[in-house]
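The opening position of the sequence shown corresponds to residue 72 in this note's numbering, with each subsequent residue numbered one higher. As structure tokens, the structure follows; a few thoughts come after it.
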Amino acid sequence: MCRTGPLFSCRPAPSAPSSALLRGKKTGGNGLPGRPDRGDPPHLRKLEGDLSFFLESFKVMAIFVDAHGIFLSDITLTKTSHMEIGKFSFGIGDRFEHQGEAQLRALRKATEKGIEVTPVWNKSNREHNIVHSEPSGTRKEADAAVASLGWKGPYLVDADHINLTNVDRFIGYSDFFTLDVASCINKPAPPESVEAFRKSCALLGSRVEIPGIGEPVVVTGEMLERMAAKYLAAIQEAGRIYRHIESVKGAGNFVTEVSMDEVEAPQTPVDMLFILKMIADLGIPVQTIAPKFTGRFNKGVDYVGDAEQFAREFEQDVLVIDYAVTHFGLPANLKLSVHSGSDKFTLYPLMAGIIRKYDKGLHIKTAGTTWLEEVIGLAVAGGEALEAAKEIYIKALGRKEELCAPYADVIDIDDRRLPPAGEVAGWDSDTFASALRHIPGHPLFNPNFRQLIHVGYKIAAEMGSRYTGLLKQHREVVGNCVEENIYDRHLKRLFDL
Ligand SMILES: [Zn+2]
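What follows is the structure, encoded as structure tokens:
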């Protein structure tokens, strides 16, 4: 999948500093240089206007020197995407495409409370394959929900975790693309690209001071070699996927995310610095970036790991992004994307505190949480619907290996704590719903039961119209569960509503 040919190479650093062109501070929400600080000489203010014009179509690299010719800083300005993702955005996954309105109602509630959150319908190629759905369905669902609720704000449809082999399936229906290049990490990049990266990094000097991070990043040749060995081929692959989408949709007509989250080893804030340098060097106008954070992000259940360490890394990533926006010229609205695997409730207040502290944006992806609420809703509805919910669990129990295989790295089920089929067969609505609903500390809540049902959506897909018929029949009760979950358990915690 990863080609190693030098389709794109890093731009070499200029050989010698030229005259000052503009100030390095970018504050404009449109990614154009912000107003020069008060006290800038008049010629700098003039240049700001001129460059805004050129930036419509060109990439500009500038370096700054003071009156004595001493090097101060550098900046690369990439043409800004016209389509921009808002400061806060929430990825709402919906396997069966029936909960678009219910999810949007939850986001509307947040907007009514003064927090504008952009809905992003995300569905991966893997989900489409398992459910036998098509990206056109996700687009249809999003458009219909927006029309039905009269949603006036922006919304996006995310081709989640795509690569060159499957992106074409999504291109006509998506305006957000998550370029998944995790499989290209640790693949070799062509030597000339490594050399170009090394030269490009020469401008950083030997110590990079990132405001807010106490220790400077000490840049050595060995470190650059290591970074290139780990990430350069992956970012080059992101460049290929980006250019392919751009060739079809046109620049600025979509939002780009680069994801590397589905791997074992987390990326540190220092890794993030060099990943962003590579992304900038290849001219990818990335607006969201999804690293693998420290700890386990199991599907549908809370975070497992050292939350304090997560918070430290998350904060440093935010500061590194800030630095990269200013110094590498990446889009000013670049923000972290957390592929949460749903329901990382422990992390929500930590992330909320950090983004508030620095006045930054955030994208959170959830997917399975809405599918699980469908099953809860059916259980609550009782009768035939409760029986279908039980059937999903009982069948999933019998096919555990097969269902868990695609999610091996992101689930952690203790078999001994899975309730036996015979026991679940006798449960009433309340017992089933309480075992599944994610209320930490609830005496009946069972995270093992929840994770197994999380990966069991294939069973519901196989039930076909029997399952979707029940969703339609119990639209209100299921929709209420979905809405309450997204608003009360997710958005409230994230945005302190
Ligand atoms: Zn992901």
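Glycine included, every Cβ here is placed at the ideal spot set by N, Cα and C. Please read all numbers here as calculations on a predicted model, not as lab measurements.
| Nearest residue (CA-CA) to G164, options E384, V228, I186 | The residue labelled residue 164 in the question sits at position 93 within the sequence shown. Among E384, V228, I186, the Cα nearest to that of G164 belongs to V228.
| query | Just to check, is the beta-carbon of H410 closer than 7 angstroms to a non-hydrogen atom of ligand 1? | reply | In the sequence shown, counting from the first residue as 1, residue 410 sits at position 339. Yes, since a heavy atom of ligand 1 falls inside the 7 angstroms radius drawn around the Cβ of H410.
| said: Taking 7 angstroms as the cut-off, is the C-beta of E263 nearer than that to any heavy atom in ligand 2? | reply: This structure lacks ligand 2; the ligands present are ligand 1.
| query | Could you check where the alpha helix (DSSP H) with K563 kicks off and where it finishes? | reply | Here the question's residue 563 lines up with position 492 in the sequence shown. Per DSSP, K563 belongs to the alpha helix (DSSP H) from 563 to 566.
| Quick one: does the C-beta of H525 sit closer than 7 angstroms to a heavy atom of ligand 1? | Counted from its first residue, the sequence shown places residue 525 at position 454. False, no ligand heavy atom lies under 7 angstroms from that Cβ.
| field | Heavy atom of ligand 1 within 7 angstroms of E328 beta-carbon | value | Within the sequence shown, numbered from 1, the residue matching residue 328 stands at position 257. No, Cβ of E328 sits at least 7 angstroms from all heavy atoms of ligand 1.
| said: Distance check for F241 and K194, CA to CA, integer angstroms please. | reply: Taking the first residue of the sequence shown as position 1, residue 194 is located at position 123. Taking the first residue of the sequence shown as position 1, residue 241 is located at position 170. Taking the straight line from one Cα to the other gives about 10 angstroms.
| task | Determine the extent of the alpha helix (DSSP H) in which N200 is found, giving its start and end residues. | result | Numbered from its first residue, the sequence shown carries residue 200 at position 129. Element bounds for N200: 196 to 202.
| task | Answer yes or no: do S408 and E328 have a C-beta to C-beta separation smaller than 8 angstroms? | result | In the sequence shown, residue 408 corresponds to position 337, counting from 1. In the sequence shown, residue 328 corresponds to position 257, counting from 1. Taking 8 angstroms as the Cβ cut-off, S408 and E328 qualify as a contacting pair.
| request: Pick helix, strand or coil for L433, following the three-state DSSP scheme. | output: Here residue 433 refers to the residue found at position 362 of the sequence shown. Of the three classes helix, strand and coil, the one that applies to L433 here is strand, per DSSP.
| request: Could you tell me whether the Cβ atoms of A452 and V319 are closer together than 8 angstroms? | output: The residue labelled residue 452 in the question sits at position 381 within the sequence shown. The residue labelled residue 319 in the question sits at position 248 within the sequence shown. Contact flag unset, no.
| Coil, strand or helix - R166 by DSSP | As a working note, residue 166 is residue 95 in the sequence shown. Note: R166 maps to coil in three-state DSSP.
| message | So that I know if they touch, is there some Cβ in chain B lying closer than 8 angstroms to that of T417? | response | Absent from the structure is chain B; it holds one protein chain and no more.
| message | Once DSSP output is grouped into helix, strand and coil, what is the label at V553? | response | Translated into positions along the sequence shown, residue 553 becomes position 482. In the structure shown, V553 sits in a helix (DSSP, three-state: H, G or I).
| query | Does the beta-carbon distance from L542 to V446 come in below 8 angstroms? | reply | Position 471 of the sequence shown, counted from the start, is the residue given in the question as residue 542. Position 375 of the sequence shown, counted from the start, is the residue given in the question as residue 446. Cβ distance not < 8 angstroms, so L542 and V446 don't count as in contact.
| query | Taking one C-beta from the stretch 457 to 474 and one from the stretch 501 to 521 each time, how about it: are there three or more such pairs within less than 8 angstroms? | reply | yes
| request: Would you tell me roughly how many angstroms separate the C-alpha atoms of T147 and I201, rounded to the nearest one? | output: The residue you call residue 147 lines up with position 76 of the sequence shown. The residue you call residue 201 lines up with position 130 of the sequence shown. Bear in mind that the predicted position of T147 carries a pLDDT of just 49, short of 50, making it unreliable; the figure below should be weighed with that in mind. T147 and I201: Cα-Cα distance of roughly 42 angstroms.
| said: By the DSSP assignment, the alpha helix (DSSP H) with S500 in it spans what residues? | reply: For the purposes of this step, residue 500 is taken as the residue at position 429 of the sequence shown. Per DSSP, S500 belongs to the alpha helix (DSSP H) from 500 to 507.
| How about H199: is its Cβ closer than 7 angstroms to a heavy atom in ligand 1? | What you label residue 199 is simply residue 128 of the sequence shown in a count that begins at 1. Every heavy atom of ligand 1 is 7 angstroms or more from the Cβ of H199, so no.
| task | Would you grab the beta carbon distance between A438 and S330 for me? Rounded to a whole angstrom, and I think it's under 8 angstroms. | result | Taking the sequence shown and counting its residues from 1, the one referred to as residue 438 is at position 367. Taking the sequence shown and counting its residues from 1, the one referred to as residue 330 is at position 259. The pair is not a contact, with the Cβ atoms about 13 angstroms apart (cut-off 8 angstroms).
| field | Start-end ranges of the alpha helix (DSSP H) lying completely within the stretch 230 to 288, minimum 4 residues | value | 239 to 242, 262 to 273
| What do you reckon, is the C-beta of H434 under 7 angstroms from a heavy atom of ligand 1? | Counting from 1 along the sequence shown, the entry for residue 434 is found at position 363. No.
| Inter-residue spacing [alpha-carbon to alpha-carbon] between K130 and Y419 | As a first step, residue 130 must be located in the sequence shown, where it is residue number 59. As a first step, residue 419 must be located in the sequence shown, where it is residue number 348. Any reading at K130 must be qualified, since the residue scores a pLDDT of 45, below 50, and its modelled position is unreliable; the value itself is stated next. Roughly 37 angstroms between the two C-alpha positions.
| message | I need the boundaries of the alpha helix (DSSP H) containing H315, first residue and last residue. | response | Counted from its first residue, the sequence shown places residue 315 at position 244. Here the alpha helix (DSSP H) through H315 covers 304 to 320.
| query | Are at least three pairs of beta-carbons, each pair with one atom in the stretch 276 to 293 and one in the stretch 359 to 371, less than 8 angstroms apart? | reply | no
| ligand 1 heavy atom lying under 7 angstroms from the CB of D332 | Translated into positions along the sequence shown, residue 332 becomes position 261. Indeed, a heavy atom of ligand 1 lies less than 7 angstroms from the Cβ.
| query | Do the stretch 245 to 263 and the stretch 275 to 282 meet, that is, are 3 or more Cβ pairs less than 8 angstroms apart? | reply | no
| Going by other Cβ atoms of all chains shown within 10 Å of its Cβ, with 16 needed for buried, is N234 buried or exposed? | Here residue 234 refers to the residue found at position 163 when the sequence shown is read from its first residue. With 16 or more Cβ atoms within 10 Å of its Cβ, N234 is classed as buried.
| query | Within 7 angstroms: the Cβ of H232 and any heavy atom of ligand 1? | reply | In the sequence shown, counting from the first residue as 1, residue 232 sits at position 161. Yes, Cβ of H232 sits closer than 7 angstroms to a heavy atom of ligand 1.
| query | Going by alpha carbons, who is nearest to T291 out of I256, K270, E308? | reply | Translated into positions along the sequence shown, residue 291 becomes position 220. That would be K270, whose Cα lies nearest to the Cα of T291.
| What residue range is occupied by the uninterrupted beta strand (DSSP E) comprising L407? | Within the sequence shown, residue 407 is the residue found at index 336, counting from 1. Here the beta strand (DSSP E) through L407 covers 406 to 410.
| request: Starting from the N-terminal side, write out each stretch of the alpha helix (DSSP H) that is 4 residues or longer and does not extend beyond the stretch 371 to 416. | output: 378 to 399
| So R488 and N519 are in contact, right, with Cβ under 8 angstroms, and what is the actual spacing, rounded? | Against the sequence shown, residue 488 aligns to sequence position 417. Against the sequence shown, residue 519 aligns to sequence position 448. Yes, R488 and N519 are in contact; Cβ-Cβ is about 4 angstroms, under 8 angstroms.
| Using CA coordinates, which residue listed in G448, H509, K563, Q307 is at the minimum distance from R521? | The residue labelled residue 521 in the question sits at position 450 within the sequence shown. Taking only the C-alpha atoms, the option nearest R521 is H509.
| request: Give the single residue among Y244, N196, H203 whose Cα lies nearest to the Cα of A213. | output: Here residue 213 refers to the residue found at position 142 of the sequence shown. The option with the nearest alpha carbon to A213 is Y244.
| Can you name the residues that DSSP bridges to S160? | Looking up residue 160 in the sequence shown gives position 89. Per DSSP, T189, H434.
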